[in-house]
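In this note's numbering, the protein residues as written are 25 to 213.
All C-beta atoms in this analysis are idealised placements derived from N, C-alpha and C, irrespective of residue type, glycine included.
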């Protein structure tokens with residue numbers, strides 16, 4: 025085929041529409057090939073070799089680092105209110121510590137997953153003594169000694185461990201694990 029014949033576009037007709045097959049511009053092809061090469065290198069670096077963190081993992085690590093720093097700052101301040109307890113519940117280290125404390129001290133009445141045994145189910149939206157973070161803290165620290173409730177005081181553990189346990193309880197609420205039937209009043213939405 026001569027060079028002149030290659031330049032003539034091929035025509036196709038379908039339903040009365042004539043269409044020509046033209047060569048794609050070289051800049052467009054080079055852009056396509058470059059994008060494909062970049063995608064292959066990117067895939068190998070992030071997904072096959074794991075030589076770098078993906079942007080999502082890098083972001084998650086930065087967020088976790090920021091939450092841990094905020095948790096340490098709040099612990100040093102020693103202020104216990106809804107805002108500080110909610111912020112501490114976002115720190116995975118505090119929640120993990122709380123899970124251990126919960127398993128050691130609370131699981132005998134509430135089960136390890138919080139679904140309730142002698143004590144109420146802590147995974148639903150119903151709360152006997154208030155479901156706001158400060159109310160949960162007060163219930164855990166001071167206990168409840170009245171008819172129908174035998175929640176002991178965990179004051180002897182110290183505020184730091186009580187806070188950690190409360191953050192774990194906050195992390196499992198509204199997960200609705202199957203267990204004891206709902207008791208108390210629902211949390212406002």
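- The continuous beta strand (DSSP E) containing residue 44 extends over residues 41 to 45.
- Between the beta-carbon of residue 161 and that of residue 125 there is about 13 Å, and that puts the pair past the 8 Å contact cut.
- Shown here, residue 171 sits in coil according to DSSP, grouped into three states, outside any helix or strand.
- Judged by their CB atoms, residue 138 and residue 147 are nearer to each other than the 9 Å cut-off.
- Per DSSP, residue 37 lies in no alpha helix (DSSP H) segment; the continuous beta strand (DSSP E) that holds it begins and ends at 34 to 38.
- If you draw a straight line from the Cα of residue 117 to the Cα of residue 193, it is about 14 Å long.
- In this chain, residue 77 is not harboured by any alpha helix (DSSP H), its DSSP state being neither H nor E.
- As computed with DSSP, residue 210 is found in a beta bridge with 150.
- Boundaries for residue 135: no alpha helix (DSSP H) harbours it, and the DSSP string shows neither H nor E there.
- Look at residue 197 here: in three-state DSSP terms it is coil, with no helix or strand label.
- Taking each of 200, 166, 197, 143 in turn and checking the Cα distance to residue 173, the smallest one comes out for 143.
- DSSP, reduced to helix, strand and coil, places residue 122 within a helical segment of the structure shown.
- Separation of residue 122 and residue 75 (C-alpha to C-alpha, rounded to the nearest whole angstrom) is 34 Å.
- The C-beta separation of residue 208 from residue 135 comes to about 17 Å, leaving the pair out of contact by the 8 Å criterion.
- Rounded to the nearest angstrom, the Cβ distance from residue 191 to residue 113 is 4 Å, consistent with a contact under 8 Å.
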